[in-house]
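A.B. asks: Structure in structure tokens, see below.
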Amino acid sequence: LEVKGAPVTGNPIDIVKKIGELVGEPLENTDIDIRHRVSTHRNERNIIVRFVQRSKRNAMLEKYKKKRLTTSDIGAVGSENSMYVNEHL
């Protein structure tokens, strides 16, 4: 999955786990295989996450679609920006 609009500061694993908690799909460290940030042409630092189990990834994506989040929902300080969780191709 790809998380766009997440705060640049903070640990990516903590941000992803907080998103999971807020959408009702709690995540453990063992659920996540790889996570890292990638730069975009707009100086954003999106988070890429690869899950150990595809079913966990699908559940997270489906639950996110039902509840949109902003940066203030995860406790980020500053302006409130929308966050997007999409499939990373």
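Mapping the sequence shown onto the working numbering, position 4 (from 1) lands on 175, and the numbers just tick up by one.
Note that CB positions come from ideal geometry on N, CA and C, so glycine has one too.
1) On the criterion of 16 or more Cβ atoms from any shown chain inside 10 Å, does residue 205 qualify as buried, or is it exposed?
2) Note down, in chain order, each residue of its chain lying with its Cβ closer than 6 Å to the Cβ of residue 174, except the 5 sequence neighbours on either side.
3) With distance defined between alpha-carbon atoms, name the residue in 260, 213, 227 nearest to residue 200.
4) Run through the stretch 201-260 for me and flag every whole alpha helix (DSSP H) of 4 or more residues, listed as ranges in chain order.
5) Within 7 Å (strictly less), CB to CB, does residue 219 reach chain C?
6) Classify residue 199 as helix, strand or coil using the three-state DSSP reduction.
7) Which two residues bound the contiguous alpha helix (DSSP H) that contains residue 194?
C.D. replies: The short version:
1) Numbered from its first residue, the sequence shown carries residue 205 at position 34. Label assigned to residue 205: exposed.
2) In the sequence shown, counting from the first residue as 1, residue 174 sits at position 3. Once the five neighbours on either side are set aside, the close Cβ partners of residue 174 are 218, 256.
3) To locate residue 200, count along the sequence shown from 1; it is residue 29. Among 260, 213, 227, the Cα nearest to that of residue 200 is on 227.
4) Whole alpha helix (DSSP H) segments, 4+ residues: 225-237.
5) The structure shown contains no chain C, having only a single protein chain.
6) To locate residue 199, count along the sequence shown from 1; it is residue 28. Here residue 199 sits in coil by DSSP.
7) Position 23 of the sequence shown, counted from the first residue, corresponds to residue 194. Where residue 194 is concerned, the enclosing alpha helix (DSSP H) stretches over 183-194.
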